[in-house]
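What follows is a single structure, written as C-alpha cells, with notes after it.
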Amino acid sequence: MAYTKKDLEKIKNSLASQKKDWIKVGMSTCGIAAGSDKVYQAFIEEVKKRKLDIQVKQCGCQGMCYAEPCVEVHLQGLPDVIYGHVDKEGVIKILDKHVLNKVMVKDSIYDLRTKR
Amino acid sequence: MEQKLIFIKDTDNSQDRINDFYAFFLNALKENKLDQAAQVVRVADIGIYDKGLVVKISGGANEIIYAFVQEANINDIVCRSVKEDKIIPELLFKDSPKQLRIVLRNCGQIDPENIDEYIACDGYQALEKVVNQLTPEQVIEELKKSGLRGRGGAGFPTWLKWNLTRQAKDIQKYVICNADEGDPGAYMDRGVLEGDPHSVIEGLAIAGYAIGANKGYFYVRAEYPLAVERVEKAIKQAYDRGLLGKNILGSDFNFDIDIRLGAGAFVCGEETALIASIEGRRGTPRPRPPYPSIKGLWDRPTAINNVETLANIAVIILKGASWYSAIGTEKSKGTKVFALTGKVKNSGLVEVPMGITLREIVFDIGGGMISDKEIKAVQTGGPSGGVIPKEFLDTPVDYENLQKLGSIMGSGGMIVMDESDCMVDIAKFYLGFCVDESCGKCVPCRIGGYQMLSVLGAISEGQGKLEDLDKLQRIALAMQKASLCALGQTAPNPVVSTLKYFAQEYHDHIVNKKCRSHKCKHLLNYSINQDKCKRCKVCAINCPVKAITGDKEKGFFIDPKICVRCGKCFDVCKFNAIAKE
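The listed protein sequences correspond, in order, to chains A and B.
Quick note, the first sequence lines up with residues 1 to 116 if you use this note's numbering.
Quick note, the second sequence lines up with residues 1 to 581 if you use this note's numbering.
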C-alpha cells in the first residue's frame with residue numbers, strides 16, 4: 001500500500017502512545033562479535049520462562065563498543081539504564097533483580113552521556 | 001512517583017573509597033527515612049573521568065550530577081537533592097555532554113529492522129515535506145544554508161555537488177550512496193547502516209529528488225553482511241509502504257533503489273572506481289574531469305554521497321538549515337562521527353560537534369588511555385591521513401585545522417597511539433596497506449608506493465641511511481602530484497606526517513639503530529639480566545632457534561647472532577630477567 005502523510009502520523013502516534021516495558025539488546029556487528037546474539041536469545045527464553053510482560057527488542061550500536069554486549073532496560077517508574085558486558089549470568093541478574101524487584105544490578109551499569 | 005536512583009562512581013582510580021561511600025549513602029538514606037524512595041547503585045562507568053567521586057541522581061524533575069563529592073557532602077545531598085530535588089550549586093558538575101548525536105540519532109534507539117520505529121522517530125517526514133512542499137532548488141538552497149560538507153573525507157560542499165548534477169542536462173541521472181568503507185579501524189558507516197538504515201535511504205531519496213534522478217544505488221562492501229542484510233530489509237519495507245517506487249507519498253516523484261556489493265577493494269571507495277565497479281567493470285579510477293556530476297554512471301550525471309552525509313539530510317530538512325549551521329565551526333558545520341579506537345579506554349562510535357578538541361574526544365569521551373603509558377599521537381583519516389602529535393591535542397577538530405596539521409578529517413577513523421607505538425612502524429603499516437590496495441593503473445602510485453615501502457622496511461631493519469629520508473620526501477611529492485586518484489595522492493601522508501613530527505625517531509632508527517618503542521624487532525636486543533635470573537632454563541627450553549646456551553653454574557646467555565628476536569624468552573620468563581632494548 002502506498003502511504004500518505006496521514007499514515008506516517010498515525011504510526012507515529014500509535015507507537016508514541018504505547019506504554020510498554022522493554023529490554024533492548026545492541027545487535028550490530030560490534031555487539032554480535034561480543035556475544036549479544038546469545039544474550040538476546042537468552043533474554044527471549046528467560047522472559048518466556050518467567051512469563052514476564054516485557055518486550056525484548058534489538059537495536060543498533062549505541063556507541064559503547066568497549067562495553068558490548070550492551071542492554072538497555074526501560075521500566076515504567078524507573079529511569080532507563082544501560083548495562084554493559086552482559087553475559088548469560090547477567091541476563092538472569094537483570095531479570096530477577098531489575099525487572100522483577102526493581103533493584104539495579106550493581107557494578108554493571110554504563111552511563112552514556114550524549115545529547116540527542 | 002518514580003523511584004530515584006543515585007548512581008555513584010569513584011572516577012579517581014588512585015583510591016579505593018567506593019565501598020565506604022556506598023555505606024555512607026545507605027546510612028544517610030536510612031537516617032532520613034528515604035531508603036524506600038531511592039536506591040544507591042555503584043556503576044561501572046558514569047561517562048565522566050578524573051572528577052573524584054561522581055554522584056548522579058536521576059528520576060527527579062531534573063537529572064543532577066555532582067563531582068568531587070566528599071564524605072561530608074553526603075548527608076547534604078540526601079537531604080536536599082534526593083528528598084527535595086534541590087540543587088547544591090557548589091558541587092554541581094556543569095559540563096554538558098560532549099557528544100551530540102545527529103547522524104547516530106536513532107542508532108541504538110530503534111529496531112533497525114522495523115520501519116515503524118523509524119517512522120515513529122519522525123522518519124520519512126522529511127521526504128514527505130520535500131516531495132510535496134519543496135522544489136528541488138529549495139532543497140539545494142536549504143543544504144547550501146546548512147553548510148553541510150561531504151563526510152567521506154574531502155569535505156566537498158554537498159549542495160554544490162547536488163547543484164552541479166542538477167544542472168547537468170540529461171534524460172537519466174543517478175545518485176549513489178558510497179558505503180565502501182575500508183580504512184583500518186573505521187566503522188562509522190557500518191554502524192549507521194546496521195543501526196538506522198532508513199535514515200540513509202531517506203537521504204538518498206531526497207538526493208534523488210533534488211538532482212532529478214529516479215534511480216539510486218547503494219554500493220556496500222560485501223564484508224558487511226549484516227549491513228547489507230539490514231539495508232535490503234529496509235528497502236523492501238520502504239517499497240511495501242510506497243515510500244520508494246512510484247508516486248512516493250502521493251507526489252509524482254518516482255524513485256528506485258538497488259544494492260551493489262563491492263568485493264572489498266579499497267580503491268572502489270574512490271568515486272570513478274566505484275562507478276566502474278557498479279558498471280561491472282574492473283574497479284579502477286579514471287582521470288577527472290569529466291567529474292561524475294557531468295559524466296558518471298553509464299556516462300550519465302551522477303551524485304555520489306557518503307553514508308554519513310546522507311544520514312544528515314533528513315534532519316536538516318526537518319529541523320532547518322539555521323539549526324544545523326549553528327552547530328560546529330565557521331567553515332565546518334554540524335557533527336562528525338568518529339570510530340575511536342586504539343589505546344583508549346572507551347573505544348566506540350562517538351559523534352561530536354565540529355570544533356571539539358582532540359583532547360576532549362580522547363580524555364573526556366574516550367576516558368583516557370587504556371594503560372598508564374602516555375599518549376603519543378592521534379591518527380586520523382586512516383591511510384590517507386596522518387598522525388597528529390600530542391602537542392596539538394588542543395586543536396579544534398574541523399576540515400581546515402586537520403589539513404593544516406598534515407592530516408585529514410577522512411571518513412572518521414581515529415586511532416589513539418601511546419609510547420609503545422613506533423612511528424616508523426605505523427608509517428610502514430599504513431603505506432603497506434595502500435601498496436596492497438593500489439590498483440596498479442598509474443605509475444606513481446604503483447611504483448612510488450612500493451619504493452617508499454622498501455625504504456621504510458630498510459629503516460625499520462636497521463639498514464637505513466640518512467639520505468633515505470630525502471628520498472622518501474621526493475617520492476612522496478611525486479606521488480602526491482602525479483597519482484591518478486586520491487589513493488595514490490594521499491598514500492604518502494602517514495609517512496610525510498610522521499617524518500614531520502617524529503623525525504627524531506627516524507634518526508634513532510637510522511643512526512643509533514634503536515627503536516624506542518621496541519616495535520621494530522630487527523633493532524631489538526635481548527639479553528639476560530644475571531642478577532634476576534634464577535637459572536631455571538625455561539628460556540633456553542623455549543627458544544625456537546637454540547640461541548640460549550649455558551648451565552646452572554655459569555648462567556645462561558643469548559647469542560645475538562643466532563637470536564631471531566621472536567620474544568619468546570621474554571614472554572616465558574617468570575622473573576622478568578630478560579631485558580629488551
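Glycine residues also receive a C-beta, built at the ideal position from the N, C-alpha and C atoms.
Just so it is clear, the structure is predicted and the values come from calculations on it, not from any experiment.
- Look at B:V220: its C-beta is not under 8 Å from any C-beta on chain A.
- Residue contact check for B:I87 against chain A: no CB pair falls below 8 Å.
- For B:A478, the secondary structure class from DSSP, reduced to helix, strand or coil, is helix.
- Rounded to whole angstroms, the gap between the alpha carbons of A:V39 and B:G191 is 20 Å.
- DSSP places B:E351 within a strand segment (E or B) once states are collapsed to three.
- As computed with DSSP, A:E72 is found in a beta bridge with A:K24, A:I82.
- Taking B:K373 as the centre and dropping the five residues before and after it, the same chain places the C-beta of K343, D418, E419, S420 closer than 8 Å to its C-beta, in chain order.
- For A:P69, not one C-beta of chain B is nearer than 8 Å to its own C-beta.
- Annotation for B:G555: no alpha helix (DSSP H) segment contains it, though the beta strand (DSSP E) segment containing it runs 555-558.
- Residue state for B:F338 is assigned as strand, using DSSP reduced to three classes.
- Interface criterion met: the Cβ of A:G84 is under 8 Å from a Cβ in chain B.
- When Cβ-Cβ separations below 8 Å define contact, B:L204 makes no contact with chain A.
- B:D394 counts as exposed, since fewer than 16 other beta carbons sit within 10 angstroms of its beta carbon.
- For B:Q403, the enclosing alpha helix (DSSP H) starts and ends at 399-404.
- In the same chain as B:K534, and ignoring 5 residues on each side of it, the C-beta atoms closer than 6 Å to its own belong to F575, in chain order.
- Here B:A210 is buried: its Cβ has 16 or more other Cβ atoms, across all protein chains shown, within 10 Å.
- Boundaries for A:Q62: no alpha helix (DSSP H) harbours it, and the DSSP string shows neither H nor E there.
- Pairing B:N305 with B:N178, the inter-Cα distance amounts to about 6 Å.
- The Cβ of A:A2 sits closer than 8 Å to at least one Cβ of chain B.
- The DSSP-derived three-state label of B:D418 is strand.
- Under the Cβ distance rule, A:Q41 does not count among the residues neighbouring chain B, no pair being separated by less than 8 Å.
- For B:I119, at least one C-beta of chain A is nearer than 8 Å to its own C-beta.
- If you ignore the 5 residues before and after B:S347, its C-beta comes within less than 6 Å of the C-beta of L340, T341, all in its own chain and listed in chain order.
- Judged by DSSP in its simplified three-state form, B:N306 adopts strand.
- Of all C-beta pairs linking the stretch 263-279 of chain B to the stretch 232-243 of chain B, fewer than three are shorter than 8 Å, placing the two stretches out of contact.
- Sequence-distant Cβ neighbours of B:A478 in its own chain, meaning closer than 8 Å and more than five residues away, are P444, G448.
- Restricted to the stretch 170-237 of chain B, the beta strand (DSSP E) segments that are unbroken, complete and at least 3 residues in length are 174-179, 215-221, listed in chain order.
- For B:P494, the enclosing alpha helix (DSSP H) starts and ends at 493-501.
- Separation of A:W22 and B:C539 (C-alpha to C-alpha, rounded to the nearest whole angstrom) is 55 Å.
- Between A:Q41 and B:G108, the CB-CB gap reaches or exceeds 8 Å.
- Scanning B:N13, B:K169, B:K98 for the CA closest to the CA of B:K295 turns up B:K169.
- Counting along the chain, the unbroken alpha helix (DSSP H) around B:P136 starts and ends at 136-146.
- DSSP places B:G457 inside the alpha helix (DSSP H), whose first and last residues are 449-460.
- Pairing B:L226 with B:A207, the inter-Cα distance amounts to about 25 Å.
- For the pair B:I57 and B:V82, the CB atoms are nearer than the 8 Å cut-off.
- Between B:P389 and chain A, the shortest Cβ-Cβ separation is not below 8 Å.
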